[in-house]
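Q: Residues in the sequence shown are numbered from 1 upward in steps of one, following UniProt numbering. In this text, a Cβ means the ideal position worked out from N, Cα and C, and glycines have one as well.
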Amino acid sequence: MVGQIGTHDGKFHCDEAFACYMIKRLDEFRDHTIVRQFNETMQTLGVLDFNTKLSSAGLVYAHYGKQLIAEILGSSHEDKLVGILYRKIYESFVEAIDAIDNGIPQYDGIPRYYMHGGLSERVGFLNPHWNEVNVNPDERFQQAMELVGGEFESTVTYLANVWWPAREIVEKAVDDSLQVDSSGRIVLLTPSSVPWKEHLFQIEEEKNLSSRKITYLVYEDSTSKSYRLQAVPKDKFSTFESRLVALLRGICRHFTNLFRCQLSSRFSPVPNFVF
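1) Taking the straight line between their C-alpha atoms, what separation do you get for GLU78 and ILE84?
2) So which of TYR64, GLN179 and LEU189 has the shortest CA-CA distance to VAL232?
3) By Cβ distance below 7 Å, which residues in the same chain neighbour ARG212 in space, the five residues on each side in sequence not counted?
4) Would you kindly report the start and end of the unbroken beta strand (DSSP E) that includes LEU189?
5) What are the residues that DSSP puts in a beta bridge with GLN230?
6) Please go through the same chain and pick out, in chain order, the residues whose beta-carbon is closer than 6 Å to the beta-carbon of LEU126, but skip the five residues on each side of it.
7) Considering Cα atoms alone, identify which of ILE110, ALA17 and VAL135 is closest to SER55.
8) Measuring straight from C-alpha to C-alpha, what distance separates GLY150 and ILE100?
9) Can you pull the DSSP bridge partners for GLN4?
10) Using the rule of at least 16 other Cβ atoms within 10 Å of the residue's Cβ for burial, across every protein chain shown, is GLN237 buried or exposed?
11) So ALA173 and VAL187 are supposed to be a Cβ contact under 8 Å. How far apart are they, rounded?
12) Below 8 Å between beta carbons: does that hold for ASP138 and ARG36?
13) Just verifying my parser: in three-state terms, what is the DSSP assignment at SER177?
14) Please report the distance separating the alpha-carbon of GLY74 from that of VAL156.
15) Compute the Euclidean distance between the alpha carbons of VAL170 and VAL123, then round it to the nearest angstrom.
Below is the structure:
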């Protein structure tokens, strides 16, 4: 008898499409069929350590993620790289799916603009629309699984073949930075165009270099045959604010507050008045 993978019927979301893709992608469940109707049952799966509430995607990933990554890469689930990618992929791919399905906003406050075209939204677009006729919801669900699965496998192969190999290059550049400039705050990156930001922050933490405050990366532009200078961002989540600007802003704020206090104490008749 062919095994079955059960999920709910009706409108589908990114999390169950991803969960079903992951299960069917594993060799032991490859021949199972998807059944989009079932009676809920409860089973103890143990305690899982997580910050963001898990959806079905996060739950399946917690149990089968390493095995899945290993099968995609053709390696063992005990491989050190598989463990590194397991954590990285959760942070960069899986956690957002969990959060969106559970209605957890990315940040507090009112967003300034609307981000269109995210993975969960594109999966939602595959649901049969109100004015469509003769649509097979199960076929659409299969399309959703293929969409999420394709993006997941692209993420795994990119991180394994592009992102992780760059780590060694960035680490060597950081180790050699004192030969570039005596301050150690300028890093010469060769070859250029490697993904460096997250590696840099992690290497700084591992080597206790946070006090050095690496400020700039210099790399060769292969197109123009010239060198370019790029400021290190404030943190791995920042795009436009550099570490140097954040540092200067903090210094300016300190002296501005000091100046205000001195001015207020000198000219205001009100004790402890701050301008």
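A: To lay it out plainly:
1) 11 Å
2) Looking at the Cα atoms, LEU189 is the closest of the given residues.
3) Result list for ARG212: GLY184 and ARG185, in chain order.
4) 186-189
5) LEU217
6) The answer, listed in chain order, is ARG140, GLN143 and ALA144.
7) ALA17
8) 19 Å
9) THR33
10) In the sequence as displayed, the identity of residue 237 is Phe instead of Gln. Flag for PHE237 reads exposed.
11) 5 Å
12) The answer is yes: Cβ separation under 8 Å.
13) helix
14) 12 Å
15) 36 Å
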